[in-house]
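What follows is one structure encoded as structure tokens, with my remarks underneath.
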Amino acid sequence: MMTNPILSQDGLYLIFRWIHFMVGIVWIGHLYYFNFTQGPFFAETDAQSKSAAIRKLVPRALWWFRWGAAFTFFSGLIMLWYKAKMSGPGGHEIYTTTSWGIWIMIGAALGTLMAANVWFIIWPAQKVVIASANAVANGGTADPTAAAHAARAGVASRTNVLFSIPMLFFMGAASHLPFALNPETSLKPLAAAITAILLLLEINAIKGKTGPMTSIAGVIHCGLALTVVLYFAVCFLV
Amino acid sequence: MKNQSLLLSIGMGLIFFSACTSSSSDDLDLVGKTPEQTKLIMRGKTIYSAVCTSCHGLNPKVDGSLGPAIAGSSLELLESRVLFAKYPEGYKPKRDTHAMLALPQFKSEIPALHAYLNALK
Chain A
101 MMTNPILSQD GLYLIFRWIH FMVGIVWIGH LYYFNFTQGP FFAETDAQSK SAAIRKLVPR
161 ALWWFRWGAA FTFFSGLIML WYKAKMSGPG GHEIYTTTSW GIWIMIGAAL GTLMAANVWF
221 IIWPAQKVVI ASANAVANGG TADPTAAAHA ARAGVASRTN VLFSIPMLFF MGAASHLPFA
281 LNPETSLKPL AAAITAILLL LEINAIKGKT GPMTSIAGVI HCGLALTVVL YFAVCFLV
Chain B
9 MKNQSLLLSI GMGLIFFSAC TSSSSDDLDL VGKTPEQTKL IMRGKTIYSA VCTSCHGLNP
69 KVDGSLGPAI AGSSLELLES RVLFAKYPEG YKPKRDTHAM LALPQFKSEI PALHAYLNAL
129 K
């Protein structure tokens, strides 16, 4: 009989990875459902069906969505910590002196912004939308800010679809696209460029409009373009 | 609420378990090594953790999911495999799968990898 591999360091890392993938699928699956399926349905369905969906379907989907985001974020954080721990003393150098570190930190930055968008923009805004639909269904009046809240949640949600495309690329690249990196290389120019790009897009999520991300094809194309931009930022600045 | 507490408990248990696992500089023989040699060994460990673990696993002393155990590998073997995806003449492979691709971009890291793989207790 073989020795039990799940009890090794690799086994433990796999368990965290398994959890990360599983809850990540729950999260991103719902993100794509909201953007690719529910949105177009809401745009063409009748008011009564839309109200019923907002009151009874959306809250259930949002529960899985936001807790999927939270568990994905924390399991990812544990994996980052464990990888450095397994690299021995000074293990944090793996983040800044290897291709694994560069790819995974870009992926983690995108994922962190996405999780923050879920918990601090989309969920608070959707709570207003759901409460308004419930008030109307119970004979009350609609919250006049509900439409604005729905629009804000929509921009943040589209931004998350935009981020999800490069996020998956860079997370995969960490283990499957190795390149040599001189440990003395300064990563400041790359960090500054990536921060500037992501900050601008995040400011748009907080204050702006969907723009070219309005259509499904548009947001997918924008996601592919952002992947290419971030990839070449690494190529040119490292 | 009960389910969330259960999930939280499992998560905390896993984190506690992982914190208890050895951090793997304990398995390095650094006695008598100069600071430069120690630095080279630790660089090798970082590179191993970042690049090699996908196939060889976190512990180089045991077989990985694709690649075999590579602790104690000679410089000649590392150069042949990393630079050319070949075996040195007369070498009998542990797993003759040819699954490993050449990674010539890591030429400059071979001394560090060699130092690390030969410093394991």
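Residue numbers (the numbering used here), protein chains in the order written: chain A, 101 to 338; chain B, 9 to 129. By construction, the Cβ of each residue, glycine as well, lies at the ideal position given by its N, Cα and C atoms. As the structure is a prediction and not an experimental result, all values here were calculated from the model.
Test item: CB-CB of residue i and residue j under 8 Å
i, j, result
"THR241/A", "ALA233/A", "no"
"GLU35/B", "LYS129/B", "Note on residue identity: the sequence assigns Asp, not Glu, to residue 35/B. In this structure, LYS129/B lies closer than 8 Å to ASP35/B by Cβ."
"ILE49/B", "ALA127/B", "yes"
"SER187/A", "VAL123/A", "no"
"ILE23/B", "ILE178/A", "yes"
"THR285/A", "VAL334/A", "no"
"ALA58/B", "TRP181/A", "no"
"MET313/A", "ARG252/A", "no"
"ALA161/A", "ASN217/A", "no"
"PRO68/B", "LEU125/B", "yes"
"LEU121/B", "LEU86/B", "yes"
"MET267/A", "LEU324/A", "no"
"HIS120/A", "THR172/A", "yes"
"ARG155/A", "ALA237/A", "yes"
"ALA280/A", "GLU117/B", "yes"
"ILE206/A", "LEU330/A", "yes"
"TRP223/A", "ARG166/A", "yes"
"THR310/A", "GLY254/A", "yes"
"LEU83/B", "ALA107/B", "no"
Under 8 Å by beta carbon: chain B residues contacting residue i
i, result
"TRP200/A", "SER57, ALA58 and VAL59"
"LYS183/A", "SER57"
Contacts that residue i makes with chain A (C-beta to C-beta distance below 7 Å)
i, result
"THR54/B", "SER187, GLU193, ILE194, THR197 and THR198"
"LEU111/B", "PRO278"
"GLU117/B", "ALA280"
Assigned secondary structure, residue i (DSSP; H/G/I helix, E/B strand, else coil)
i, result
"LEU83/B", "helix"
"LEU109/B", "coil"
"LEU112/A", "helix"
"GLY272/A", "helix"
"LEU177/A", "helix"
"ALA296/A", "helix"
"TYR95/B", "coil"
"VAL218/A", "helix"
"ILE78/B", "coil"
"LEU210/A", "helix"
"LEU290/A", "helix"
"PRO189/A", "coil"
"VAL338/A", "coil"
"SER264/A", "helix"
"THR197/A", "coil"
Beta-carbon neighbours of residue i, restricted to chain A and to distances below 8 Å
i, result
"GLY21/B", "What GLY21/B touches in chain A: nothing, since even the nearest Cβ is about 11 Å away."
"PHE114/B", "PRO278 and ALA280"
"ASN67/B", "SER108, GLN109 and ASP110"
"GLU87/B", "Going along chain A, no residue has its Cβ under 8 Å from GLU87/B, so there is no contact; the nearest lies around 15 Å."
Chain B residues whose Cβ lies nearer than 7 Å to that of residue i
i, result
"SER275/A", "SER62"
"THR283/A", "Reading off the sequence shown, one finds Pro at residue 283/A, where the question assumed Thr. ARG51, listed in chain order."
"TYR113/A", "LEU66"
"ILE178/A", "ILE23"
"GLY190/A", "MET50"
Residue i beta carbon near the ligand MG (any heavy atom closer than 7 Å)
i, result
"HIS192/A", "Among the ligands in the structure shown, none appear at all, so the ligand MG cannot be discussed."
Neighbour list for residue i in chain A, Cβ cutoff strictly below 9 Å
i, result
"LEU91/B", "Within 9 Å Cβ-Cβ: nothing; LEU91/B doesn't reach chain A, min ~12 Å."
According to DSSP, residues forming a beta bridge with residue i
i, result
"LEU128/B", "LEU36/B"
Test: residue i CB closer than 8 Å to a CB of chain C
i, result
"VAL218/A", "Although the question refers to chain C, the structure presented lacks it and instead comprises the protein chains A and B."
(message) Quick check for students: name the residue ranges of the alpha helix (DSSP H) that lie wholly in the region 46-74 of chain B, counting only runs of 4 or more.
(response) Counting only runs of 4 or more residues that sit fully inside the region 46-74 of chain B, the alpha helix (DSSP H) segments are 61-64, in chain order.
| query | Whole alpha helix (DSSP H) runs in the region 118-149 of chain A with 4 or more residues, listed along the chain? | reply | Entirely contained in the region 118-149 of chain A, the alpha helix (DSSP H) runs reaching 4 residues are, in chain order, 139-144.
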